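See below for the structure under consideration.
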Amino acid sequence: MKKRSVYELTGNGTYSLQARKMLIELLLRQDKEIQRIFIKSADDLAAEIRRLEATGNTYQLSEVIDVLLQQNAEALQESLNALLMEGLQLSVEAGMHQSKQVTLKILNKAKMDWKPIERTYFRQHTQAVEAMQARTFKGLNLSDRIWGNSRKTSNAIGSIVREAIAAGEHPYKVAEMLEQYVRNGANSLVAEYPNMVERLEGNIPMNLSYEALRLARTEMAAAFGEASIQGAELNPANKGIRWSLSNAGVACDKCKDIAGHDSGMGEGVYKVEDLPEYPAHPNCLCNLSEVTEEIDDLVNRLIEWNANPLAHQDIEHWYQTVYKTGEL
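The numbering of the sequence shown is full-length UniProt numbering, which starts it at 1 and goes up by one.
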């Protein structure tokens, strides 16, 4: 029998596919919501600029722009933070889905009480979310990086507004420029305002929401990976984790090497403690899935263990270190 068949014969590929679907659907929803948040942010500022013009207070724009940008950055940060914190919860849920469903199925078949393991997974879910919230990159946790992204966005918008004011553009035109930029990128401004865009080159990103999108995708994937590892450690049937390439057909060399590596467990299969860092890079769409013992075999061993705990030391260890913690 090929090594790859160990996983395929468990019948639990469905749970892996469900977990993958949960993650991808989350990423797609987040992409749309981030775009909406950025558009609303620019539109709110544009509306305030139009209000100043309509009330005859355009002269105040250069004086109050810093305050407006600060308020805009804070609102953007609050919206992004709420979205990504909710996303961490859902990513962790997706990452633990296969492990949890397999474990519950095993316990039900073995006629063991599932409530302790349900509590254990709930506790582990909370710990995984907290770990992701505290995770740092270059000394910054997720909230810090969201704030930094909001400040960069504010600075880019501020550069456009100040440059337009200095060039004598009408406030309504300034508002239109912001709305155009956030929807279509910096290139959309080149035809109408070539000189201004040239002067701003290097000060404004081509796509205003790109960094936020990349941050969200990377952190959600990292949460999925962290939860997959923690979930695998709770699953009595776990034999390892398989790293599979995305079916998008655009895998990089690094991901191909990881997915093609064979340390004796099968192509792309790693012991939980040896799994390479996931995601391998920003925007990585590779998949993680558990390789498990065939369920009926484990159920039979559980029944034997229940009659004689010394019969299967691995199950006894799982019972003492995982299952019983849910009884506390």
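Think of the CB as a built atom: it goes at the ideal place given N, C-alpha and C, for glycine as much as any other residue. Note that the structure is predicted; figures quoted are calculated from it, not measured.
Item                                                                                                                    : Value
Complete runs of the alpha helix (DSSP H) confined to the region 155 to 239 [at least 4 residues]                       : 171 to 184, 187 to 190, 194 to 200 and 210 to 234
Among Met265, Arg242 and Gly264, nearest to Cys255 - alpha-carbon criterion                                             : Arg242
Exposed unless 16 or more other CB atoms sit within 10 angstroms - verdict on Ala73                                     : buried
Trp114 (DSSP reduced to helix, strand or coil)                                                                          : coil
Contact set for Gln18: own chain, Cβ-Cβ below 7 Å, skip 5 residues either direction                                     : His97
Alpha helix (DSSP H) segment containing Glu63, residue limits                                                           : Leu61 to Lys109
Segment limits, beta strand (DSSP E) that includes Glu290                                                               : Asn287 to Thr292
Assigned secondary structure, Tyr7 (DSSP; H/G/I helix, E/B strand, else coil)                                           : Model confidence at Tyr7 stands at a pLDDT of 41, short of 50, so the residue's coordinates are unreliable; what they give is reported in the following sentence. Helix, per DSSP.
Helix, strand or coil at Glu269 [DSSP, three-state]                                                                     : Checking the sequence, you will find Val at residue 269 rather than Glu. Three-state DSSP puts Val269 in a strand.
Whole-angstrom distance between Gly56 and Tyr181, CA atom to CA atom                                                    : 26 Å
Residues that DSSP places opposite Trp243 in a beta bridge                                                              : Leu288
Proximity to Ser143 [Cα-Cα], best of Ala216, Leu275 and Leu27                                                           : Ala216
Residue from Ala307, Tyr59 and Thr321 whose Cα sits closest to the Cα of Gly168                                         : Tyr59
Segment limits, alpha helix (DSSP H) that includes Asn300                                                               : Ile295 to Ala307
Which of helix, strand or coil DSSP assigns to Leu28                                                                    : helix
DSSP bridge partner residues for Phe137 (one or two, in chain order)                                                    : Leu140
Distance between beta carbons of Ile315 and Ile106, contact taken as under 8 Å                                          : Their Cβ separation, rounded to whole angstroms, is 10 Å, which puts Ile106 and Ile315 out of contact at 8 Å.
Of the residues Phe38, Pro282 and Ala221, the one placed nearest Asn149, counting alpha carbons only                    : Phe38
Contact between the region 254 to 270 and the region 63 to 80 (3+ Cβ pairs under 8 Å)                                   : no
7 Å Cβ shell around Gln77 - same chain, five flanking residues per side excluded                                        : Ile146, Trp147 and Ser150
Residues near Lys271 by beta carbon distance below 6 Å, same chain, minus five either side                              : Gly240
C-beta atoms of Ala164 and Glu226 nearer than 9 Å                                                                       : no
Under the three-state DSSP convention, the category Met1 falls into                                                     : Summary for Met1: the model assigns pLDDT 33, below 50, so the residue's position carries little reliability; its value from the coordinates is reported in the next sentence. DSSP places Met1 in coil when its eight states are reduced to three.
Residues of its chain near Asn283, where Cβ-Cβ distance is below 8 Å and the 5 sequence neighbours each way are ignored : Arg214, Arg217 and Thr218
First through last residue of the alpha helix (DSSP H) which encompasses Gly260                                         : Asp253 to Gly260
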